Amino acid sequence: RPQVLLLVKPGAQSQTVAHPKLLGLLRQLKGARGLCILGSVVPGRLAMQAKLQGLMERALRRQRDEHKLAGFTQVIMTPNVGEGLTALIQTAGLGGLYPNTVMLGWSQEWREHPYRAEQMCRLLLTAASYNQALIVIKGTEHVPDVTAHMTRPMDIWWMVHDGGLQLLLTTILRKGRVWSSCALRVFCVLQFGEDPHELQTKVVGFLYQMRIDAEVKCVVLSEGAALVDKAKEKVADRKSTRLNSSHDLD
């Protein structure tokens, strides 16, 4: 199972978490097994607002206990939230007990606040530089509770030959009661010019060896053909321009 560092955003009063459903999803993913660290960054200066940092630490522990998560909490107070998140990724864990996966919610209203998009990009690059896997949850308000029972299919879009983590996560989720009735569909994305039948045969064989029951479909990027056509048009235009230029010189 992945050893997860969940980055939690403080609530409006810094005594709650902004997206508590992320903790519920982490519980479904972990099943109370393995390492789990809940990390949060509170904006401020510790020398003058240490009490606020302590309130957030206790609130995060309370949320952890309410969601029946077995793990640790770590709260950092710093004037720069981006630097605090980077520090969490670098310092979370102890010795061999360190997270290999970072889980966080998708940045909201990033179009209205461009700095959020820049902060998200820096955070993703930092996690990747530490060779940590990334789980980014978009639409946290739609995450089902632990009492729900989902029946619709779970879709994996296997892109650029990278689908191992997605298969692992869906397999773990389907072992729990919430997702146990969900069928699994794997969509393999191919570049233009690749053989879909060959790839589908390989993926089906791989899933069979891993004892994973899933429906496999191949999707060829239509943009690939369009890009090739555009490139050919550009080359043809350049050739015609050169010919016209040579005729003008004559």
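Residue numbers (our numbering): 919 to 1168.
Quick reminder that beta carbons are idealized off the backbone N, C-alpha and C, glycines included.
Remember, it's a predicted structure, so these values are computed and weren't measured experimentally.
By the Cβ criterion, the stretch 965 to 977 is not in contact with the stretch 1005 to 1016, since fewer than three pairs of Cβ atoms, one from each stretch, lie closer than 8 Å.
Residues Pro920, Gln921, Gln1050, Ala1051 of the same chain have their beta carbon placed closer than 7 Å to that of Asn1018, with the five preceding and five following residues left out of the count. Here Leu1085 is not near Val1107, since their CB atoms are 9 Å or more apart. One Cα belongs to Val999, the other to Arg1070, and the distance between them is close to 38 Å.
Counting along the chain, Arg1103 sits inside the beta strand (DSSP E) bounded by residues 1102 to 1108. Short of 8 Å from the beta carbon of Met1068, and not among the five residues preceding or following it, lie these beta carbons of its own chain, in chain order: Pro1062, Val1096, Trp1097, Ser1099, Cys1100.
Here Thr934 is near Gln981, since their CB atoms are less than 9 Å apart.
When DSSP states are grouped into helix, strand and coil, Asp1073 belongs to the strand group.
In this structure, the beta-carbon distance from Ile1055 to Met1021 falls below 9 Å. Look at Thr996 here: in three-state DSSP terms it is strand. The beta carbons of Ile1130 and Thr1089 sit about 6 Å from each other, so the pair counts as a contact at 8 Å. Judged by DSSP in its simplified three-state form, Thr1065 adopts coil rather than helix or strand.
In this structure Gly1011 is not in contact with His937, their Cβ atoms being roughly 23 Å apart against a cut-off of 8 Å. Per DSSP, the continuous alpha helix (DSSP H) segment holding Ser1047 begins and ends at 1032 to 1047.
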